[in-house]
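**Q**
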Amino acid sequence: MSVLIDIILAILAVYLALQSLLAPRLTQSVFLFFAFGLALALAWIRLGAVDVAITEAAIAAGFLGVLFLDALRDFSPRGSEKKENLEAVQNALPKNNTKSLLLPGMALMLGLGLFLLIALEAVWKIPDGGGLTAAAEALLPESGVEHPVTAVLLNFRAYDTWLEIGVILLGLLAVFAVGGIKIYRKPVMATQDPLLRQVILFFTPVLFLFGAFLLYIGKTGPGGAFQAAVLWGAIGILLHLGGRPVFSMIPRWLGQLLLTIGLGFFLILGFLFIAGGATLFEYPPAHAGVLILIVETMAAISIAAALTAIFANLNQMNEGPNEIESTN
Amino acid sequence: MDGFFVIVIVFLLLNIALGLFRVWRGPKVADRLLTTQLFGTTGMAILLVLAGYLKELTLLNVAITFNVLAILLVIGLVQVWKNKKEETP
Amino acid sequence: MTDLPTSPFPALLVGLPILLATLSLFFSARVKALVGLTGCLLTAGLALIAFFEVTQRGTVIHILGGWEPPLGILLRMDSLAAVFIAMTAVVGFFISLYAWRYFRAQAATTGGFPLFWPLWLFLWAGLNGLFLSNDLFNLFVTIEVIGICAVALAVLSGKTGALFAGLRYLLAAIAGSMAYLFGVALLYGSTGTLDLGLLGQVLEPGTTTTFSLLVITLGLMIKMAGFPFHFWLPPAHSSALAPVSALLSALVVKGAFYILLRLWMEVFGVSITYAAGQLIGLAGAVAVIWGSWQAFMQTSLKLIVAHSSVAQLGYLLMIFPLLILAPGVTADSAEWLSPTWTAGVYQVIAHAFAKASFFLSAGLIIMALGHDRIESLRDLVGNMRITAMAISIAGVSLIGLPPSGGFMAKWMLLKGIFMSGQWWWAPVVLAGSLLTAGYVFMLLRLAFAPAREIGTFRPVPKSLEVLALLLALGSFLIVLPADYLIQFLESSEVFGSGIESILKGGAYGND
Amino acid sequence: MMIKEIITVILLVVGCFFFLAGTLGVLRFPDLFSRLHALTKADNLGLGFIAAGMAVYIASPWAALKIFFIWLFTLLASSTSCYLIARFQKEQNHSKNGKEGG
Amino acid sequence: METYQIYTLTSAVLFVIGIGGIFASKHFIKKIIATMIMGGGVFLTFVSLAERDALAFADPVPHALVITGIVVAVASAAFALALARRIYQLTGEESFTDDK
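Chains as they are written, first to last, in the numbering used here: chain A, -2 to 325; chain B, -3 to 85; chain C, 1215 to 1725; chain D, 3 to 104; chain E, 2 to 101.
1) With distance defined between alpha-carbon atoms, name the residue in C:Met1633, C:Ser1634, C:Met1532 nearest to Leu1496 of chain C.
2) Can the beta-carbon of Leu304 of chain A be found closer than 8 Å to that of Phe60 of chain A?
3) Excluding the 5 residues flanking Ala1661 of chain C on each side, which residues of the same chain have their C-beta closer than 6 Å to its C-beta?
4) Going along chain D, which residues have a C-beta under 8 Å from Asp27 of chain B?
5) Quick check: the segment 1299 to 1308 of chain C against the segment 1563 to 1571 of chain C, are there 3 or more CB pairs under 8 Å?
6) Do Phe1425 of chain C and Ala116 of chain A have their C-beta atoms closer together than 8 Å?
7) Shortest alpha-carbon distance to Gly1440 of chain C belongs to which of C:Trp1331, C:Gly1498, C:Pro1219?
8) Suppose you measure from the CA of Thr1423 of chain C to the CA of Phe1471 of chain C; what does that come to, to the nearest Å?
9) Pull up the DSSP beta-bridge partners for Arg1672 of chain C, would you.
10) Using the three-state DSSP reduction, which class does Asp71 of chain A fall into: helix, strand or coil?
11) Measure from the alpha carbon of Thr1323 of chain C to the alpha carbon of each residue in C:Ile1579, C:Ser1371, C:Pro1419, then state which is nearest.
12) At the level of alpha carbons, what is the spacing between Leu1432 of chain C and Gly1229 of chain C?
13) Go through its chain and collect everything with a Cβ distance to Asn1348 of chain C's Cβ below 7 Å, but skip five positions before and after it.
14) Just checking: is the beta-carbon of Glu52 of chain E within a distance shorter than 8 Å of some beta-carbon in chain G?
15) How long is the line joining the alpha carbons of Asn310 of chain A and Leu255 of chain A, rounded to whole angstroms?
16) Can you tell which of C:Ser1522, C:Ala1686, C:Pro1419, C:Ser1452 has the C-alpha that lies nearest to the C-alpha of Ile1486 of chain C?
17) Does Pro21 of chain A have its Cβ less than 8 Å from a Cβ in chain C?
18) Check the Cβ-Cβ distances between Asp157 of chain A and every residue of chain C, and say whether any is below 8 Å.
19) For Ser1689 of chain C, count neighbouring C-beta atoms within 10 Å of its own C-beta (all shown protein chains included) and say buried if the count is 16 or more, exposed if not.
20) Would you say Val73 of chain E faces chain C, with C-beta separation under 8 Å as the test?
21) Per DSSP, what kind of secondary structure is Ser1711 of chain C in: helix, strand or coil?
22) Any Cβ of chain A within less than 8 Å of the Cβ of Glu94 of chain E?
23) Assign Ile1263 of chain C to buried or exposed, taking buried as 16 or more other Cβ atoms, counted over all protein chains shown, within 10 Å of its Cβ.
24) Exposed or buried, which one is Thr1513 of chain C when buried takes at least 16 other CB atoms within 10 Å?
25) Can you give the Cα-Cα distance for Gly261 of chain A and Leu169 of chain A, rounded to whole angstroms?
26) In terms of residue numbering, what span does the beta strand (DSSP E) encompassing Met1291 of chain C cover?
27) Along chain E, in chain order, which residues have C-beta atoms closer than 7 Å to that of Arg1382 of chain C?
28) Is the Cβ of Gln313 of chain A closer than 8 Å to any Cβ of chain C?
29) Compare the beta carbon distance of Gly1326 of chain C and Phe1336 of chain C with 8 Å and say whether it is the shorter of the two.
30) Can you find the residues in the same chain that come closer than 7 Å, C-beta to C-beta, to Ala1364 of chain C, ignoring five residues on each side of it along the sequence?
31) Output yes if chain D places a C-beta closer than 8 Å to the C-beta of Val196 of chain A; else output no.
32) So, using beta-carbon positions, are Ala1570 of chain C and Val1305 of chain C closer together than 8 Å?
33) Counting only C-beta atoms, is Leu192 of chain A closer than 8 Å to chain D at any point?
34) How would you list, in chain order, the residues of chain A whose beta-carbon sits under 7 Å from the beta-carbon of Gly1614 of chain C?
35) Determine whether the Cβ of Ile1362 of chain C lies closer than 8 Å to any Cβ atom of chain A.
36) Which chain B residues are close to Ala65 of chain D, counting only those with a beta carbon under 7 Å from its beta carbon?
Written out as structure tokens, the structure reads:
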């Protein structure tokens, strides 16, 4: 009976994925992609992965969603109500050069179909490796936390998590490399909307508190640094949209500190462990729980700062004078 | 009771599928915004029922996360289109 | 595996560059370059110390967090990893010095690209992490670090050509790593472990294993620009800044090759067939011919060098068919394994030195001329003697003339080819060399030709020319410790256990 | 136990009915503003009933508080966005008319 | 048919849709969406296999890997978005001009 839910969800996910790629207009694509994210989040829940569902909701749907929406500002045909523009968009669809696309298109379809068949057979016949559930269960008491996913993320595989915090910072540096560093600029426009201001006033503390709550319960249940970080990052994005860019309001060194403290603190702690004769990220068992909570907090602050900065930089990337001149 | 929950969930999922139709047809940008909202509200209902069905109260946290970010999304959205309109009078 | 001696070096090799990169973010542009350069020197020094540690103590490991695999992650520095790390250190050292001087020379007009330094240090950490990693998922994270850094560096110039090339590169890189990760998911599902060593022991042949092998190999071939997935490489490498082009072609693409080598040798032994080896060899052979031919047809220096990378990477793919033994052949009788290995490692090192030197020289020529169309190279010898010398030496190594490292690689490869009886690869090696000779001599002919007009060359810093020359000389000097290096490589467990797992209990190497 | 379950069932069925009404409204109503009206009112009511039903079913004060907040937030989000979307559309209409007139 | 099998099969389909999207879509944004769909497929494989291997709780290792993977994928997507927007601003192009 409950299989029905899974089947509908599966069909919905595939349909949404296909439609988001086939939709003729970009806005449609992006909205269908959100819907796809929602379907996936429900699938994670059906599969018992509540942590993943929160992360998907927070980062993949929430944060990336806002980035996509912001990007639509550039891309969708200017003044979408204008008819000639609409027609231009429709004419740009591949239908008017179908002949040249027919052969490679068919070859692609054929190849993909074949690949799909092999892939389906491969996942159908997958042997049961047993996973690492038992190993994680056995070592969980030594990890300093009670929630297995947090134990894996922050202790058993802390190295991956540390590198991942690095990847987010790196994403920000990469965005800087493309668009110049624009997070320190004063706001271009401030919103005058009274309702919006009320919403921001109300939601800033709610986001903060709920983020802190998620961070704290990460020790015992689904939640943790990444989910909390996105909620905190949402504060920065809200403030930016409300005309108060965070990084332009605080001293530069503080901004830099916020961005790097997660990565840096984690690493320096690791180096201290090495100096003490242990290995990188080998917490002393007696203090593992406390240390993990501190590391998580620092990580959450840094990730939140980085997400805010990525959004702020992307949002202002194409405004004002270009710091990188194009000569090509 | 579980069977009933499953029926409710399936029913709500079908509701979403129907709502997709509107995203597909448009015709205005605002229509698409609207349907995202439909997704949000219905998805929230599904999450609540799932929380009872799976007896997993942590799903409520997922729902709150979704909720809070949905608000962000809406604000971002309108802000974006408002600015866009201002740019191209 | 976990009873090997423990050492802090593997952790430091990843941690130090990231710490310094993070630190450099706090400073203004000018100081950032200084901190970055210091960081590069420290990292290079640390890498060399770690290399000597491995030569003394053999393979060392670092069990992260004290959690042993399969639950935890283990860093392993064996001789193969040590050689790659040392190569990165030496090449990276010269490129760092070059970059510092190069950006300073242009700081007034371009702002000196301060973001180069943190990105390059992150890239270095990613490369070290990749060479040390012994875990399938951790490898994914490191190739993502490398991929993002590489693309960010490639678009640093901000020119539209570079941006287009960068986006193409990035999309290819994401697709490649997602394909890789799909294979990892299936492997984890079928075995319950991500550790390379354990995986090699428990993996069994079957549809799922074969499919994982397929998607992982395809994903990594996209990342290393193996034919027919090379489309992103020439535009990305040719449009980047000179030090970045050198980094991308000398080091970044080698990362994916390294994973491919490890996985094929250590993990997938059970499911690799003779035919699969032949197929990947064929891709390499086509890359050698096609890339060389394309290089021959280009009219700008950097595009020639970039297409030449496609060809030189093709040689790396050509060692795979020789390492897969035909049914009925035992490792005892397969004496060609050793020269083939050597060929692969030497090709990686020789290409790293030669190509880095080539790109750095091309950067100088652009600095002098303002562009890199080859018809303007006339009388290069008269104007930039040292650069012309660097290009000649690096070119000779690319062709594979004795006594260069490139010669060593191709000679060993031919030796392996004839000993294994797979003679059909030999004409490809020779034709590739011939075509390479074609475009290198075309360049040299222009460089030695008398000038038509005078004064088109602006002066460039001598120190930069010398750095490029030193790298070119490096591609010759690596031949000197050949015997020692081969012995060192063969002392590694990889060679023993990897080949063993291919043969399911056959004996090779130390046994 | 039985009474609790019966209440839950009734509340959920009523909730579902409102969701259906909202969806049909979105599909059938002719213009954006009435669609907006139908959706926001009906779906929020539907969610309210479902939330109440689940709060009764789970029967824990902490969970009930959370469920109440979820409902409240959704209400807030959807009324905010309803207002913003409506205003957005109004401005669009306005600017379009102005342009055509001028 | 087990629950996890429905989702592993779905994951393979999503993965292939993603690959097709990267090649066949023209617009930069759609290519980026396609990479995310491809990623969604991969993560679904991990999570569904974790459900198969559940004892007292589902296998936590794939969950942790997927959380890491999602974050990494989003960071790459943000970078790709930055490149796409910059290209659009400088040239007005929304897709690669020479078809690959």
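Ideal Cβ placement from N, Cα and C applies to all residues, glycine included.
**A** For this structure:
1) C:Met1532
2) Yes; because the gap between Cβ atoms is below 8 Å, this pair is in contact.
3) Leu1591, Leu1594, Val1595, Ala1602
4) Leu34, Arg37
5) yes
6) Less than 8 Å separates the beta-carbon of Phe1425 of chain C from that of Ala116 of chain A.
7) C:Gly1498
8) 20 Å
9) For Arg1672 of chain C, DSSP records no beta bridge to any residue.
10) Reduced to three states, the DSSP call for Asp71 of chain A is helix.
11) C:Ser1371
12) 30 Å
13) Cβ neighbours of Asn1348 of chain C beyond the five flanking positions: Leu1288, Leu1289, Arg1290, Asp1409, Leu1410, Gly1411.
14) The structure shown contains no chain G; its protein chains are A, B, C, D and E.
15) 16 Å
16) C:Pro1419
17) no
18) yes
19) buried
20) At a cut-off of 8 Å, the C-beta of Val73 of chain E has a neighbouring C-beta in chain C.
21) A caution first: Ser1711 of chain C carries a pLDDT of 45, below 50, which makes its placement in the model too unreliable to give a value.
22) no
23) By the neighbour-count rule (16 or more Cβ atoms within 10 Å), Ile1263 of chain C is not buried but exposed.
24) exposed
25) 16 Å
26) 1288 to 1291
27) Listed by position along chain E, the residues whose Cβ is nearer than 7 Å to that of Arg1382 of chain C are Phe97.
28) Cβ-Cβ to chain C under 8 Å: no for Gln313 of chain A.
29) no
30) Leu1337, Leu1462, Val1466
31) Yes, contact with chain D.
32) Yes; because the gap between Cβ atoms is below 8 Å, this pair is in contact.
33) yes
34) Contacts between Gly1614 of chain C and chain A, judged by CB atoms closer than 7 Å, are missing: the closest CB pair is about 35 Å apart.
35) yes
36) Leu53, Leu56
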